[in-house]
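Novice: The UniProt record's numbering puts the first residue of the sequence shown at 1, with every later residue one more than the last. C-beta: ideal position from N, C-alpha, C; glycine also. Sharing a structure with you now.
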Amino acid sequence: MRKAPGVGKVPEGIWVGVGIRPEASADEIEAALGILDGTDEVLGIATLDRRVDHPALVEVARRRSVPIRGFAATDLAAVAVPTPSERVRDAVGSPAVAEAAAILAAGGGPLVVPKRSYRSVTVAAARKVS
């Protein structure tokens with residue numbers, strides 16, 4: 001499996017936000033997660049609520065033994081993110097999925113890796129707030 005270009009070691013205790021297109025595969029998600037070196041420290045995967053049952057995402061969560069949390073587009077839209085997208089807003093009703101989902105799942109924790117895209121997958125990471 002090909003690994004996407006990385007950004008360095010990711011801090012312990014993070015939630016990874018994942019935005020995926022319908023055609024995303026488990027291997028693409030894994031490659032995108034490879035952007036985040038140290039993903040064995042991931043507490044879980046967060047995404048748009050209507051994607052929590054996506055077979056590829058479910059497979060990746062199973063492989064990594066982590067939960068998936070889904071958030072409504074309205075909840076994601078309420079989160080301030082550094083890189084909002086009008087294209088994403090038009091598609092799902094929120095200007096961000098990966099960054100906003102990571103922040104919400106982390107209890108409002110800080111974004112430690114802003115969104116990075118690989119093929120049909122976008123990932124971001126936020127540090128869990130105690």
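Pull up the distance between the alpha-carbon of V121 and that of E41, whole angstroms please.
Specialist: When rounded, the distance between both Cα atoms is 20 angstroms.
Novice: Quick one, which of A102, D53, G44, E86 has its alpha-carbon nearest G17's?
Specialist: Ranking A102, D53, G44, E86 by Cα distance to G17 puts A102 first.
Novice: Check whether the Cβ atoms of G107 and V129 lie closer than 9 angstroms to each other.
Specialist: Yes, the pair counts as a contact, with Cβ atoms nearer than the cut-off.
Novice: Taking 9 angstroms as the threshold (C-beta atoms), are R127 and I14 in contact?
Specialist: Their beta carbons are under 9 angstroms apart, which means I14 touches R127 by this criterion.
Novice: Can you confirm whether V66, when its beta carbon is compared against all beta carbons of chain D, has any partner nearer than 9 angstroms?
Specialist: Protein chain content of the structure displayed is limited to a single chain, and chain D is not contained in it.
Novice: Alpha carbon to alpha carbon, how far is A32 from A124?
Specialist: Between A32 and A124, the C-alpha separation is close to 10 angstroms.
Novice: Kindly indicate which three-state DSSP category R51 falls into: helix, strand or coil?
Specialist: Helix, per DSSP.
Novice: Taking the continuous alpha helix (DSSP H) assigned at L36, which residues delimit it?
Specialist: Here L36 belongs to no alpha helix (DSSP H), and DSSP marks it neither H nor E.
Novice: Taking all protein chains shown into account, decide if G93 is buried (16 or more other Cβ within 10 angstroms of its Cβ) or exposed.
Specialist: So G93 counts as exposed.
Novice: Relative to the C-alpha of R51, which residue among T83, E99, R119, A24 is closest?
Specialist: Of T83, E99, R119, A24, the residue nearest in Cα terms is A24.
Novice: Hey, out of L104, P114, A26, whose CA is closest to A61's CA?
Specialist: Per the Cα distances, A26.
Novice: Between V66 and E86, what straight-line distance do the alpha-carbon atoms span, to the nearest angstrom?
Specialist: The straight-line gap from Cα to Cα measures roughly 30 angstroms.
Novice: With distances taken Cα to Cα, identify the nearest neighbour of L48 among L104, E28, T83, G34.
Specialist: That would be L104, whose Cα lies nearest to the Cα of L48.
Novice: I'd like the list of long-range same chain contacts for T39, defined as Cβ closer than 6 angstroms, with 5 residues on each side in sequence excluded.
Specialist: Bear in mind that a pLDDT of 49 at T39, under 50, signals an unreliable position, so the number given afterwards is only what the model happens to contain. Taken in chain order, the residues that qualify are L33.
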